[in-house]
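First the structure, in the form of structure tokens, and then the observations on it.
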Amino acid sequence: MKEVKLRMNEQLKYEEIMKCALGYQSNERTSIKLGITIRQVNKLKKVYKEKGKEGFIHGNRDRKSVNYKGLSLRNEIITLTRTNTN
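Those letters in the sequence shown? Residues 880 to 965, by my numbering.
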């Protein structure tokens, strides 16, 4: 089983939902602490029960933006800009 590392905001959300799912705090209190609705708390509790810690990793993690063009194109644009302005 691979180790799951959460970022700070993901870790906070995971810990609060875990407390709620285990019955240590109410849905209302959890929603106020996280700044989300009770409906979202219920959805996150379901994710916690089904996937555990892995369910709190953001889906776009480690993906490049759809607008990413690459370093070679970026360097070419910089070179063209510098030569055309002089």
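Glycine is no exception: its CB is placed at the ideal position from the N, C-alpha and C atoms.
In this text, all values refer to a predicted model and were calculated from it rather than measured experimentally.
Rounded C-beta distance between Lys932 and Leu891? I'm assuming under 8 Å.
-> Start at 1 with the first residue of the sequence shown, and residue 932 comes out as number 53. Start at 1 with the first residue of the sequence shown, and residue 891 comes out as number 12. The pair is not a contact, with the Cβ atoms about 13 Å apart (cut-off 8 Å).
Look up Thr916 in the DSSP assignment and say whether it is helix, strand or coil.
-> For the purposes of this step, residue 916 is taken as the residue at position 37 of the sequence shown. It is coil, neither helix nor strand.
Distance, Gly934 Cα to Tyr893 Cα | Your numbering for residue 893 matches position 14 in the sequence shown. Your numbering for residue 934 matches position 55 in the sequence shown. Looking at the two C-alpha atoms, the distance is approximately 9 Å.
Return the residue from the list Gly914, Val945 and Ser910 that minimises the CA-CA distance to Asn921.
-> For the purposes of this step, residue 921 is taken as the residue at position 42 of the sequence shown. Residue Ser910 is the option with its Cα nearest to Asn921.
Delimiting residues of the alpha helix (DSSP H) encompassing Glu889 = Start at 1 with the first residue of the sequence shown, and residue 889 comes out as number 10. Glu889 -> alpha helix (DSSP H) spans Met887 to Ala900.
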